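All residue numbers in the sequence shown are consecutive under my numbering, ending with 720.
Report on the following structure.
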Amino acid sequence: MTADAPEAAPQQTDDEKPEQPAESDESQDDAESGVDDQPQDAWAARRDLEDHAPRTMRYGARTRFTSGRVGGDNHGVSAGQIVGDVITGTKTEIYYQFGGAAHSSGEVPAAVLERIATHFVTDETHFATLTERLRTDRVLVISGPHFSGRRTAALMLLRGLGATPVRVLDRTTAPSALAQQLGGDGHVLCDLITERDRPLREADVLAARDRLAEKGGHLVITVDPLAALDGIQAAEWKPPAPAAVLQAHLRVAADPETVEKLLALPAVTEFLGRNHQLREAATYAKELVNYALGKTGAQDIERFSQTALERQIQEWFEEDEASLHLRDKAFLVALAAFDGGPYALTAELSDLLYGLLQKTDNPGLMPRVPVFGTHMEKRLQVARATPYEEEENTEWGPVTQLKAAFQDERAALILLREVWTGHPSARPALVDWLRRLAGDGRPLVRTRAAATAAVLARADLPSAMALVIEPWATSSGFRHRQVTVNALVLAHLLGLANVSRIIDSWCVSDDWKLSWVAIRAHGLIGPERPLETLVALRGAARRQQDQDEPQELLIAELAESVELLILSPADDQVLADLCRTLHDDRAVFDLALRGFLSACRRTGQGEPYGSPLVLDRYARALQERSPAAGHIAELWRAALRDPDHTKQALEVLRGWVLIAEHSPDTTEWALAALLPALTGSTSEYQRLDHLLRTMPGEDGAAPPLVASRLRTVLSPR
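Laid out in structure tokens, this is it:
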């Protein structure tokens, strides 16, 4: 992996400098050094894109996103507009129909408890342990994610002990005032609100226990994993599987035969494979029963999974007393951008976003980020994400890292769309955050900035172009412009049809920066429309030739794009078209040969003695009797004959011979097949024979033996 040169990040405004002087100084230094930096090699840039793009938009894996479909799964980002409210239940746990208990107090009707008991499922051993702990301690604090069934468990624990009637306490109750509200009945306090400066303390629980012992009552308190607890060891709630909840609800509402038919539906199998919440499983059971009764159609049960996920993401970003802390919301956005990336990196950059969001939320305050915060497991539990170890490609080779990814791979795309289109007030912070990521020195970070910008463009192209992509494209540094290229390519993979129009127009722009972005993007997107791309690249080459002072940088970039096309799955079409137009004019001739010879330098895995990719293609073409073999030979002959390209062509051939010394079974065989096709005249024979007779070995050593063997296949004509 090729490391980039130091790159520019746009300077901060004067208003920002007093708040974050260190970052402003760094940005200013980068901006000054970035004007004269050098672009990353196109081949290395493509490798970074392949290595670090999110799992939902892998470049180079022949994955295509169109019309909102990904291998048959609707991802919702490009599935068209959603009109009206998307409702999949409420924020209460519908599967026991407890209404608005989170914001009220009073007695739970006995009929409600009995109805819940008919479809309550749990691990009996785990439930028995909790029951015994509640019996002994009288106060039980249960910790678990939202909508994991912890409220239902609390009610069933009290019912199992005979602690009825059950009274619901207001969740806004101050922990210090808790004991005063307790009597001789069962009590449940769901989703107790705690703050860092107002935690639930051990003293509060002990006072409640004394009160309950006096009155003969019991209390169950449910909290989420991020709750502030002081001196209290909460019992972890282990929820049942969504499949068990779905089956339990179906069996209450339908006969066994109908239940079996419903569970066998492909849509149900897909739903259960998504690891949905228990409330979603319970609501889905109602949807399935309605489907069985003919009240809803097949599309309703097929769309339910995605609609439920969209509703969950909307709830994460709502502003109410039950909403997540701003820092947790920043982490969710960062996790969406770095889905499947290293956890430590995600957490680091989420805190950067958190500081920027604080500036939007309250510009008068200095942003503050706690040095030590929530434990990783709790954070990921709330985000419905999973940690795992996996190798990550780096410029020093693969390394094993602890990564984190959403359990549902659709979540990242839907979450970014929701934040960008549903919460415009977050845009200034998000734009600033992405700008900083685009200037980061780590290829993974830059690639994910590009991927995030691609999702934003797919959701709202005009805003994303104006606020993110165009400023990057016209940046003074190549690093931001390369991120622009990747953003456009990934947006194209997401099905954004406008990308081709954008790069076609930029390719002929008077602004050389936009032209550079478009030319490199053509090389990456071009395999999908190789002939149209080559027309655009040839036109750009002619324009450069006609100028009084051609931009050598653009000429080199045009050749690199041709190189990428030659080494792409569209190589047959590209090689044929290059040969067809080879002698149209000098600009086209030079473009074709510069790109071809650059492609000939590339080896498998980038290894010094790896098999040359173009030579491998020639060998395969011979075996397949493909016209590509003749096209490769024709381009070689043109390069060897032309004075401007002969020296480079001979250098490439010399390199191939040295590689053949290390790989006689593959490279030597392919060279032995190619060289006779390059000796159509006496001068061509003499040129190659001289090369093989006089070329030195590596590091001044004696000529390689393979050169002598290859001379035997040459014959003058």
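Note that beta-carbon positions come from the ideal geometry of N, C-alpha and C, so glycine has one too.
Please read these numbers as outputs of a predicted model, since none were measured by experiment.
Exposure of residue i, with buried meaning 16 or more beta-carbon neighbours within 10 Å
| i | result |
| --- | --- |
| F375 | exposed |
| D587 | exposed |
| L708 | exposed |
| Q3 | There is simply no residue 3 to check, as the chain begins at 4 and stops at 720 in what is shown. |
| D342 | buried |
| E552 | exposed |
| P242 | buried |
| Y391 | exposed |
| E35 | Interpretation of E35 is limited by its pLDDT of 35, a score under 50 that renders its predicted location unreliable; the figure taken from the coordinates is listed afterwards. It is exposed - the Cβ of E35 has fewer than 16 other Cβ atoms within 10 Å. |
| V271 | buried |
| G147 | buried |
| G152 | buried |
| D574 | buried |
| E135 | exposed |
| K650 | exposed |
| L600 | buried |
| D668 | exposed |
| A347 | exposed |
| P228 | buried |
Coil, strand or helix - residue i by DSSP
| i | result |
| --- | --- |
| L717 | coil |
| F150 | coil |
| A6 | Caution applies to A6, whose pLDDT of 38 falls short of 50 and renders its modelled position unreliable; the value that the coordinates give is listed next. Looking at A6 - three-state DSSP - the assignment turns out to be coil, as it is neither helix nor strand. |
| I145 | strand |
| F274 | helix |
| D233 | strand |
| Y98 | Its pLDDT being 31, under 50, Y98 is placed unreliably in this model, and the value from its coordinates should be taken loosely. Correct three-state label for Y98: helix. |
| P390 | strand |
| A726 | Outside the displayed span of the chain (4 to 720) sits residue 726, for which this structure offers no information. |
| A704 | coil |
| F375 | coil |
| L405 | strand |
| P259 | helix |
| E283 | helix |
| G542 | helix |
| P57 | coil |
| P112 | coil |
| E305 | helix |
| G367 | coil |
| E555 | helix |
| P345 | strand |
| E322 | coil |
Beta-carbon proximity list for residue i, same chain, < 7 Å, skipping 5 on both sides
| i | result |
| --- | --- |
| T455 | A340, L419, L437 |
| A182 | A210, A211, R214 |
| G75 | Confidence at G75 is low in this model, with a pLDDT of 33, below 50, so the placement of that residue should be treated as unreliable; the coordinate-derived value is given next. Counting only Cβ-Cβ distances below 7 Å, and skipping sequence neighbours, we find nothing. |
| G700 | P706, P707 |
| R204 | P178, D233, G234 |
| L681 | A636, W639, R640, L643, E687, L691 |
Cβ neighbours of residue i in the same chain (closer than 8 Å, five flanking residues each side left out)
| i | result |
| --- | --- |
| T670 | S614, P615, L618, W659, I662, A663 |
| V591 | R541, A544, R545, T584, L585 |
| V262 | Q250, L253, R254 |
| L713 | V660, A663, E671, L674, A675, L678, L695 |
Cutoff 6 Å; reference residue i; Cβ partners in own chain excluding five residues on either side
| i | result |
| --- | --- |
| D188 | P168, R170, G220 |
| I316 | I417, L418, E421 |
| E273 | none |
| L491 | V502, A524 |
| L578 | A631, H634 |
| S308 | F274, R277 |
| E305 | A270 |
| Q548 | A590 |
| P401 | E394 |
| S107 | With a pLDDT of 42 at S107, under the threshold of 50, the modelled position of that residue is not reliable, and no figure is offered here. |
Residue-chain proximity (residue i, chain C), Cβ-Cβ < 7 Å
| i | result |
| --- | --- |
| W639 | You won't find chain C in this structure, because it holds only one protein chain. |
Does the pairing of the region 289-306 with the region 150-166 give three or more beta-carbon distances under 8 Å? no
Could you name each continuous alpha helix (DSSP H) segment of 4 residues or more that falls completely within the region 440-492, going from the start of the chain to the end? 446-462, 464-467, 473-476
Using 8 Å as the cut-off, can you tell me whether the region 221-228 makes contact with the region 243-254, which would need three or more C-beta pairs spanning the two stretches below that distance? no
With contact counted as at least three CB pairs below 8 Å, one residue from each stretch, are the region 121-128 and the region 173-182 in contact? no
In the region 580-623, which residue ranges form an unbroken alpha helix (DSSP H) of at least 4 residues, counting only runs that do not cross its ends? 589-603
State whether the region 469-486 contacts the region 437-448, with contact taken as three or more CB pairs (one from each stretch) at a distance under 8 Å. yes
As an exercise, report each continuous alpha helix (DSSP H) stretch of at least 4 residues that is fully enclosed by the region 643-698, in chain order. 646-665, 672-677, 685-697
Taking 8 Å as the threshold, find out whether the region 686-694 comes into contact with the region 618-629 through three or more Cβ pairs. no
Minimum length 3: unbroken beta strand (DSSP E) runs contained in the region 168-244: 169-171, 189-192, 221-226
Does the count of Cβ pairs from the region 467-475 and the region 350-365 closer than 8 Å reach three? no
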